[in-house]
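At position 876 of the sequence shown the residue is numbered 884 (my numbering), and the sequence of numbers has no breaks. Just so it is clear, CB atoms sit at the ideal spot from N, CA and C, and this is done for glycine as well. This report refers to the structure that appears directly beneath it.
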Amino acid sequence: CAGRDTQELCCRLGREKPTRSSMALVKEIEDKGAVLAWSPVAAHPSMAAIGTKESGGQGFDDFGGHLEIHRLNFAEKSLKCSMAGSVKTSGRFESIAWSGMASRQSDFSLGLIAGGMTDGTINVWDPAKLVTAHPESQLSTFQHHNGAVNGLEFNPHPQSQHLLASGSSDSKVLIHQLDRPETPKQPFVPAPEPNTANHTAEVTTVAWNPVVAHILASASQNGSCMVWDLRSKKPWCELRDPARACIADIAWNPVEGLHMMTAIGDDANPVIKMWDLRSSTTLPLATLQGHTQGLLSVSWCSADTSLLMSCGKDNRSFLWDLASQDCKPVYELPATADVNPANGGFGGFGSAIGRRYQTKWSPRLKGVLATCSFDRKVQVFNMSAVKTTTARGPSWMRRPAGASFGFGGKLVSFKGMSQKPGQRTPQMVTLCNVVSDSQLVDASNTFEQSIAQKNYKGLCEAKSELAVEGQVWKFMSLIFEENSRSHLLDKLGFNAAEIEASMNKALEASKAEAEEKQVEGEDMSQTTETTAENFFKVDKDDAGSAVGSSVSGLAADDEAASATTATTTTSVAEPVAVHKEVKKEEEDDSIKKALLVGNFRAAVNGCFERGQLADALLLASCDGAELWEQTRMRYFELESKSRPYLKIVSAIITCKLDELVHSSDLGVWRETLAILSTYAKSDDFPRLCEQLASRLEVEMSDKESASLCYMCAANIPKTVEYWISQFEKSSLGGRNSMALEALVEKVTVFTQEDPGMLQGALEPMISLLTEYGALLANQGATMTALKYIRGNDQSSNELRHRLFYAACMESTNSQHPPTPFAIRRVGVSPNFGQTLAQIQQAQASQQAAQQQAAEQQAQAQQLQAQQAAAAAQAQPAAAAAPADAGLPSGWIWQNDPASGMVFYVNTMTGHTQWDKPIAAPQPHAAPSPAVPQPMATAHQQQQPAALSVQPSGPGSGNTSKNPSPYNMQPGVQPTQQHQQPQSMQQPQQVQPHQQPQPTPLTQPITAVVPKQDGFVSKQSQPRTGNLAYTIPGNTPAADPLAGAAPTAAAVTTGMASMDVSGLSGDVKPIMVALNDIVARISAVPLNPPEKKQLGEVNKAVNALLTKLNTAGMVAEDVSQKALTLATAAQTGDYATALSVHKDLCNTQWDKHKDWIKGLKNLIGLAQRKIRY
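Take a look at the structure:
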């Protein structure tokens, strides 16, 4: 119940808008000047008893008081309380106490309430009877004091809750035994004779020790605080104020029995003293100062022993946090009294009537505090809603246990070792993985184990047994069969063995039926012969009589007429048959004559006229192919109408399966697919399956059957597109993790874990894979999730980056994923802490320095131009432009604007040198250093250092102090190469967007001028001698000091270096781009299947080179498509590369399949292995 009331209180506070005046006030009882006691009963923590301190009448007459029990319903927004019961008393209350009476709970369900009156009497009530309006709710009344009962408190310990301590203005402290409240026993004093210790002044308050049941404390007006030991019946100690100031109130530490607070009521020293009775009874442990006038009440919070509440004559109520260091109030409870009340206020002293004289924490409701004030108000506050200066939360809000979810399925939790209030104990922090979707994790683990073993076939067979999507997995298993097309017939329901057995059975039945008919024919023949014999043995007389009787009966009845008609018909038919036989003999004779003269066409036509189709086919086979083809087509046209299966035979024989697909009945598409599986060529089978699937999709809207045909055609985009549409339909009511798992399994197996097959047109699938990876990451499967993050968008990069660290992959030396966020260096402003005048002075100095630097730079440039002009005049021969004649293919010359000298540039590699090249260099090899041409000065006669060229880009940096303005583009600076041993050095890999494409010599080329040793080189400055300077659009060349390096392709793949010098200008870029891609793929680790694919790529490149070197083998438009494909693959535009490759497959497959097929592997390897 206490927890429910606290929860209701917190919910109400959450709905209210907090203000300074009402952020803590939750209940209020108006027009009641009273004292208060909280209910200690656990079942009713929100009940409070108040006893009025005034009679309620006008004037000085004593009309007694009232005892009221209020129920505080914190679920209501109203500040009003509901009264549960009340009773009129003969006297006014000075103090009140409530006991739970745990030892007699069955007799007193709500315990006992005792009231100390102003006349010295003590009344005892049963609150259970009071709330039910029982007429005998008061149990007893006794008087043992001669003055007002200022202090009254029940013992809080369960076995001693019948003991009531009272302190009066007569300086007495008494202990009353209320185990029988109807007939209480005679009270006793804490220290009976012969002990003479006693208070000599008015007793202000009493308080039982909450830890030790037999310890009682009492305080008096003369500054004395006595701690009584009831077991030894004597005082345990006495605390005295040096100034003999009044001790208004005392409070024990709820959990530490030797700690006590005394509140001084003297205005001269209004302090709260904290005592540790173990160490000293004369010197307090701490003194709390904050009030400006004497204190009236103090209460120590039992829910958090570091919180203390006090109120004083200065009309201020302070909350103290004993855990703070300065011992100052951390919060002030605002006063609610009107400064200028309407009913008077004694000329400026009206604010004093709002001062509080009692404050008391609830023993059951955490953080709930009640106060009583002179303005006749009883107020209840929730101190959980206040904001203290220390910002420290109270201990009841400090969770004994807590948990929080983190990325990657992590759960961090803590749990305290002890739950004792006020005791700080070590806490254990636990980090673990939490799986909320175990079904998804189990399915993922099973699937990953299967694909790790490469057991795709077994996985498909296991999945095909499922009721859902079993047909899909059956078709998918065909990918991993050696003779997949024969197995396809089984999946379609056309088992060859079963069909053969059925045919044999039918033939046996037909044979038996023929034999049976043959036996029946023999019996019929014998009967006919006997009848004929008997007929012809008739006598002439009998015959005549028979004929006569027949003739005579013709006119008599219809039966005889019918017989006559039949006889007549028979006699007419005989001449017709004879005519046909004659005509047949004539036709046979004409066919024979046509054969005699070798006219097979006429003979075939004669056979068609007679309906002898088999003879026509036999005769046509003896003539040429033309007659055979015409005869066969004529045969199919005649017989297909009566025998539909001949259409299939015709399509098979004439290799016109396209027409069969377009004219086939879609209701029996499985039969059509079986025909294609049996008779289609390997190169035509995918195309024909796609045509059949397209008809099913468009004409019948049967996308499910169409997807199976697309699977047979290995059309990944169309198949996956249908699977995605089915998944989206099933997710209309919300995402289903198992449906996504099934989709990922199908796509992964169908693509055989090749992520390159999902690029371009299947971006939705990549997004779903990222979503699947996020689901696995939430379940703690970070390593598995990482392999499915294949997108390059911001969310995918962020997820990949988080998974990298969640899986602790940085400790395994794994390749770090790209950082998804821009890294910016944030520093302190140089103007931080400066005044405006200082900032303006610094800006003026900076502008002057910049102007001076600009003038010096202009002077330096002018001097440099003058030196260049002088050098050009001194060396006219060197400055003369040499002719292009004699230069190897791909080389041009240029002038150095700084020195006027000529240098040479390889447009294929970007390599520059001073000496004129003699032999055609390798595409990526740097020429050996040679002696430069004669120069005017000794400085220019030093040997130049051949500098390898770094691709330009924003990441380049220059460590040289004086870079030449002719060497680089604006914003591009040289960077230092990675140092390697000479035996390990290889040319630097070229970024795809920086790959050069040869241009005609008429176009301007920005080349790096070879620097002399006097500027920077290995000889003069070995540290910076390997700096690489940028040639826009060119690839780096190897350092000649390390020896001539072979081409990248020759080093890494073993592929022979290709001589592209003899190719035309529009063909060279194709081979350069392909060589670059192959080299970069070879530079990374490859598994055995990938190495095999790379071998196929090499064969395809060689085949393409062979055809390019052969005039007329590759058409111009095909060459342009190959260039587009190579350039797109080199720059990472795989969607374009795949589109061009698909176009080549559809249009040029028959002529160029030897290299088109290999380029598909090239694109796939580049997608997986090259990062941009």
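First through last residue of the beta strand (DSSP E) which encompasses residue i
{"i": "Ser174", "result": "Leu171 to Ser176"}
{"i": "Ile280", "result": "Val279 to Asp284"}
{"i": "Arg79", "result": "Gly73 to Arg79"}
{"i": "Val1080", "result": "That residue, Val1080, is in no beta strand (DSSP E); its alpha helix (DSSP H) goes Lys1076 to Ser1090."}
{"i": "Ile258", "result": "Ile255 to Trp260"}
{"i": "Tyr780", "result": "Taken as a continuous stretch (DSSP letters only), Tyr780 belongs to no beta strand (DSSP E), being part of the alpha helix (DSSP H) at Glu771 to Asn786."}
{"i": "Cys440", "result": "Gln435 to Asn441"}
{"i": "Ser232", "result": "Ser232 to Asp237"}
{"i": "Thr60", "result": "Met55 to Thr60"}
{"i": "Arg248", "result": "Lys242 to Arg248"}
{"i": "Gly124", "result": "Leu120 to Met125"}
First and last residue of the uninterrupted alpha helix (DSSP H) at residue i
{"i": "Arg695", "result": "Phe693 to Glu707"}
{"i": "Met746", "result": "Ser745 to Phe758"}
{"i": "Asp322", "result": "Unbroken run through Asp322: none, as it is neither H nor E."}
{"i": "Gln1138", "result": "Glu1124 to Gln1138"}
{"i": "Asp450", "result": "Ser446 to Ala460"}
{"i": "Leu668", "result": "Leu665 to Ser671"}
C-beta atoms of residue i and residue j nearer than 7 Å
{"i": "Ile104", "j": "Ala92", "result": "no"}
{"i": "Ala343", "j": "Gly362", "result": "yes"}
{"i": "Tyr365", "j": "Leu439", "result": "no"}
{"i": "Ala409", "j": "Leu419", "result": "no"}
{"i": "Glu102", "j": "Thr126", "result": "yes"}
{"i": "Ser179", "j": "Val211", "result": "yes"}
{"i": "Tyr730", "j": "Val752", "result": "no"}
{"i": "Val157", "j": "Ser145", "result": "no"}
{"i": "Asp39", "j": "Arg384", "result": "yes"}
{"i": "Ala378", "j": "Val388", "result": "yes"}
{"i": "Leu1173", "j": "Ile1078", "result": "no"}
{"i": "Asp274", "j": "Ala253", "result": "yes"}
{"i": "Leu182", "j": "His152", "result": "yes"}
{"i": "Thr790", "j": "Leu811", "result": "yes"}
{"i": "Leu316", "j": "Trp328", "result": "yes"}
{"i": "Met268", "j": "Trp283", "result": "yes"}
{"i": "Ser307", "j": "Lys374", "result": "no"}
Nearest-angstrom Cα separation, counted from residue j out to residue i
{"i": "Asn131", "j": "Thr149", "result": "4 Å"}
{"i": "Leu75", "j": "Cys380", "result": "15 Å"}
{"i": "Asn1117", "j": "Ala722", "result": "34 Å"}
{"i": "Leu626", "j": "Ser713", "result": "43 Å"}
{"i": "Glu469", "j": "Asp1151", "result": "35 Å"}
{"i": "Val449", "j": "Cys720", "result": "31 Å"}
{"i": "Glu863", "j": "Ile900", "result": "37 Å"}
{"i": "Ser804", "j": "Ala793", "result": "11 Å"}
{"i": "Gln302", "j": "Asn441", "result": "Note that residue 302 is Gly in the sequence shown here, rather than Gln. One C-alpha to the other measures close to 58 Å."}
Burial state of residue i, where buried means 16 or more other Cβ atoms lie within 10 Å
{"i": "Asn503", "result": "exposed"}
{"i": "Ala889", "result": "Only weak support is given to the placement of Ala889: the predicted model assigns it a pLDDT of 41, under 50, and the value that follows is read from those uncertain coordinates. Counting Cβ neighbours within 10 Å, Ala889 comes out exposed, since fewer than 16 surround it."}
{"i": "Arg832", "result": "exposed"}
{"i": "Asp334", "result": "exposed"}
{"i": "Ala227", "result": "buried"}
{"i": "Gly675", "result": "exposed"}
{"i": "Asp1141", "result": "buried"}
{"i": "Gln526", "result": "exposed"}
For residue j and residue i, believed in contact at Cβ under 8 Å, the rounded distance
{"i": "Leu770", "j": "Val728", "result": "6 Å"}
{"i": "His207", "j": "Pro195", "result": "Incorrect: roughly 16 Å between the Cβ atoms, too far for contact."}
{"i": "Pro164", "j": "Trp216", "result": "6 Å"}
{"i": "Leu296", "j": "Ser314", "result": "About 12 Å separates the two Cβ atoms, so there is no contact after all."}
{"i": "Leu44", "j": "Ile58", "result": "5 Å"}
Any non-hydrogen atom of the ligand GTP closer than 6 Å to residue i Cβ
{"i": "Arg239", "result": "Absence of the ligand GTP is noted for the structure shown, with no ligands found whatsoever."}
CB contact check: residue i to chain C, cutoff 7 Å
{"i": "Tyr339", "result": "In the structure shown, chain C cannot be found, because there is only a single protein chain."}
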